[in-house]
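Some notes on the structure that comes next.
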Amino acid sequence: MIDSLSYSLQKRILIVLFLLVPIALMAVFSLYPTGYLVFLSFMSWDGFSPEKTWVGIANYKEVFQTKEIWQAFGHNFVYVIWGLLQNALGLFFALVLNSKLKGRNGYRVMLFMPYIMNGVAVAYMFNYVFNSEYGSFNMMLRGMGLDSLAISWFGSPKAVNHVLGFITLWKFMGLNMVIYLAALQSVPSEIIEAAKIDGASRFQTTMRVVLPNITQVIELNLFLTIIGTLEMFDLPFILTGGGPLGASDTFLTKTVATAFKFNNFGLASAMSITLIALVVVVLGIQRLATRRWSE
Amino acid sequence: MSEKRFAPLSVFQHLILWIAVLVIVFPPFVLVLNAFKSKTEFAQTSVFKLPHSFLNFDNFAAVITRAHLDRAYMNTLFIIVIAVIGNVALGTMVAYVLGRFDFKLKNLIMGTYIALSFVPTITTQVATFTVVKNLHLYNTLWAAIVLNLGTSVLQLFIYLQFLRNIPRELDEAAMMEGASLFRIYRTIIFPLLTPATATIVIIKTIGIYNDMFTPYLYMPAQKLTVVSTSLMNFSSERSTEWEMMSAAILLIMLPIIVLYLFFQRYVFAGIVNGAVK
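Pasting the structure below:
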C-alpha cells in the first residue's frame, strides 16, 4: 500500500511520524521545563500549594544578595583549580601515550577507567580512603610517620573542597586524556616529520608544532571542565551533604536544597537560571577566544 | 626506528604511567582487600593486609540480600533495556529525517536540540519534577525510562555523521525498485547505522547505570531502588560496617567495568565523537 504513494507524500508522512514522539519528548521534558523554570523564577511557590504568587525579580534580588549562595559559588572555584591541573595531566598523559610506547592501549584503558565507574560507588570508595580514623590515606600517612598530616579530611572546612576536587580529578582526568589523544592522533604526521628533519628536538616539536595544532581541542577541554565545575553536584551531595556547616556546598547543591529541602521553588528556579546564564557567558567567552585563535 | 636511543625516555614514561595507574588502582584495591574479610578480621587487621582467604564470599552474599541488590539489578536492567531500545529507535528516526530530507522546520529543530543541550539537566529538575508528577510517573520505573528516551545532541551528531557516510545512491537504487521510504529506513539505513548504534547503546547503558539523581528524585519507593540508590540506602543504614560497604561498592562497580573492558572500542568512539563534534 505505502509503496504506491508518491515519494513526496511519503516524505511528508514520514517526517511527521518520525518526529512526532521525539519532538513531544523534547517539548515535555526539556523545552517546557526550561520555560517553566523561567516562569517559576518570578514566582513565590512552595512546590505543593495550588497558588503561586508573582513576585517580579525579587527572587533574583535574593540570589544576588544572599551571602551563602555566593560563598557556595566560591567553592566551585576550588574545583576550577583542580580542573586545570586535571587538564594539564590529561594533556601530559596524552602526549606520553601518543607514541609507539609498548602497552599504550592498556595504559589508556586503565587511566580512563574511573570515568565509567559508578559515581555513587566512587564517592563511597573515597569516603573509605579519606576517613580520618580508618581511611587508607591516613593509615598510609601514619605509616610514613606523618601523623600531623592525617587530619579529618571531610571534617575540615579548609580541606574538604580540595579533597572533593582531587576525587573529581581522579575520575575525569582520563576523559580529558582520551579527547586530547584523539586530537593528537589527527595531527598530520608529515608536519611532525618535517620538524624533525629540520632538527627540532622532541620537546620543541611538541611545543611549537603539535600543541599549536590542537589549541581548539585544548579550549574545548577547558570549556568542558569549567562547565563541569560550575555544575558540580554529585560528590558533595553524596559525601558531605554540603557540610561541615556548608563548607562544601556548591551552587547546585544549594539550589537543589533550596527547592527540595526548603521548598522554595521560586528562589531555586532563579538560582538555576542564574547558573544557566553563567554557563552561556562562559560559552560566549570560549567562542570569542576560538575566533581570535582562528584569525 | 631507533628504539634503543629512546630507551631511557621510555623507561621514564613507563614509570610515570605506572604511578598514575597506581593512584587509580589504589582505592579499589583496598576495597578488594577488605571485602573478603570477616567482621572480626576487619577489626583486628590493617586495611592493607591481605584477607585470610579470597574465597570468603560471605560479605557479598550478605550485601546482596540486605541491600536488595538483586532487585536493584533487575530494576536497573529493566530501565536500561526499555529506555535504550526506545532511545535507539527514536534516535535513528530523527537522524534519518534530519539527515536525508530538507524541510522548513529542520533548522529550527536542530537549533532547539543544540540550544537545550546547554541547559544543565539538574537545574531544570525543579520544573521537570512537576511534569513527571502531573503525568503520574512519579514513583514508577517509567519516570527513569521516559527521561532517558529522548535523543541527546551527542547521539544526534554521532548518527548524522554516520548517515553522511552512507551513500545516497543506495537510497536511490532502492527507490528505483519501488521501495517505500519507510522500507529504506528499515532495511538500509537502520542496519548500516549499526556501528553508531553500538556506540550509543554502550554509552547510554553506562549513563543510565551510573545515574543517581533521576532515580533518587523520582523513584524514592523502596521497591524501585536501582543500583546507585540501593548503595545510598545501604550506606545510610550501615556506613560503619566497612567490610560490607567494600563488598557492596565492588558489586556496583563491577558490571560496568566488565562491560567497558569488553566494549572499550565503542566507549572511546562515543567519547571522541561526542567531544570533538
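These protein sequences, in sequence, are chains Y and W.
Using numbering that gives the first Met the number 0, count along the first sequence one by one with no gaps and you end on 294.
Using numbering that gives the first Met the number 0, count along the second sequence one by one with no gaps and you end on 276.
Glycine included, every Cβ here is placed at the ideal spot set by N, Cα and C.
All values derive from a computational prediction rather than experimental measurement.
Coarse secondary structure for residue i, derived from DSSP in three states
i, result
"residue 116 (chain Y)", "coil"
"residue 43 (chain Y)", "strand"
"residue 239 (chain Y)", "coil"
"residue 52 (chain Y)", "strand"
"residue 26 (chain W)", "helix"
"residue 33 (chain W)", "helix"
"residue 21 (chain Y)", "helix"
"residue 149 (chain Y)", "coil"
"residue 32 (chain Y)", "helix"
"residue 45 (chain W)", "coil"
"residue 74 (chain Y)", "helix"
"residue 128 (chain W)", "helix"
"residue 267 (chain W)", "helix"
"residue 13 (chain W)", "helix"
"residue 81 (chain W)", "helix"
"residue 225 (chain W)", "coil"
"residue 234 (chain W)", "helix"
"residue 50 (chain W)", "coil"
"residue 219 (chain W)", "coil"
Short Cβ contact (8 angstroms threshold) for residue i with residue j
i, j, result
"residue 241 (chain Y)", "residue 233 (chain Y)", "no"
"residue 162 (chain W)", "residue 94 (chain W)", "yes"
"residue 129 (chain Y)", "residue 77 (chain Y)", "no"
"residue 212 (chain W)", "residue 66 (chain W)", "no"
"residue 74 (chain W)", "residue 258 (chain W)", "no"
"residue 196 (chain Y)", "residue 209 (chain Y)", "no"
"residue 110 (chain Y)", "residue 19 (chain W)", "yes"
"residue 303 (chain Y)", "residue 111 (chain W)", "The requested residue 303 (chain Y) does not occur in the structure, where chain Y is confined to residues 0 to 294."
"residue 116 (chain Y)", "residue 252 (chain W)", "yes"
"residue 93 (chain Y)", "residue 271 (chain W)", "no"
"residue 125 (chain W)", "residue 267 (chain Y)", "yes"
"residue 90 (chain W)", "residue 12 (chain W)", "no"
"residue 171 (chain Y)", "residue 106 (chain Y)", "no"
"residue 154 (chain Y)", "residue 243 (chain Y)", "yes"
"residue 226 (chain W)", "residue 71 (chain W)", "yes"
"residue 32 (chain W)", "residue 123 (chain Y)", "no"
"residue 221 (chain Y)", "residue 86 (chain Y)", "yes"
"residue 62 (chain W)", "residue 260 (chain W)", "no"
Expected contact under 8 angstroms - CB spacing of residue i and residue j to nearest Å
i, j, result
"residue 131 (chain W)", "residue 217 (chain W)", "6 angstroms"
"residue 92 (chain W)", "residue 17 (chain Y)", "4 angstroms"
"residue 157 (chain W)", "residue 269 (chain W)", "7 angstroms"
"residue 96 (chain W)", "residue 199 (chain W)", "At roughly 17 angstroms, the Cβ-Cβ gap does not stay under 8 angstroms, so residue 96 (chain W) and residue 199 (chain W) are not in contact."
"residue 118 (chain Y)", "residue 227 (chain Y)", "Not really, about 12 angstroms apart at Cβ, beyond 8 angstroms."
"residue 150 (chain W)", "residue 21 (chain Y)", "6 angstroms"
"residue 215 (chain W)", "residue 228 (chain W)", "5 angstroms"
"residue 97 (chain Y)", "residue 231 (chain Y)", "The Cβ separation is near 30 angstroms, so there is no contact."
"residue 112 (chain Y)", "residue 23 (chain W)", "7 angstroms"
6 angstroms Cβ shell around residue i - same chain, five flanking residues per side excluded
i, result
"residue 38 (chain W)", "none"
"residue 50 (chain W)", "35 and 36"
"residue 202 (chain W)", "269"
"residue 242 (chain W)", "33, 36, 41 and 58"
Cβ-based neighbour list, residue i, same chain, cut-off 8 angstroms, excluding 5 preceding and 5 following
i, result
"residue 7 (chain Y)", "none"
"residue 193 (chain W)", "none"
"residue 32 (chain Y)", "none"
"residue 262 (chain Y)", "45, 46 and 47"
"residue 76 (chain W)", "none"
Neighbourhood of residue i by C-beta, 7 angstroms cutoff - its chain only, sequence neighbours within 5 removed
i, result
"residue 272 (chain Y)", "36, 37 and 40"
"residue 191 (chain W)", "165"
"residue 134 (chain Y)", "127 and 128"
"residue 53 (chain Y)", "41 and 42"
"residue 216 (chain Y)", "178, 179 and 182"
"residue 186 (chain Y)", "209, 212 and 213"
"residue 137 (chain Y)", "131 and 149"
Quiz item: Where in the stretch 131–215 of chain Y do unbroken runs of the alpha helix (DSSP H), each at least 4 residues long, occur, reported from the N-terminal end onward?
Solution: 135–142, 159–184, 188–196 and 201–204
Quiz prompt | Secondary structure, alpha helix (DSSP H): runs of 4+ residues fully inside the stretch 100–176 of chain W | solution = 105–115, 120–133, 140–148, 152–163 and 167–175
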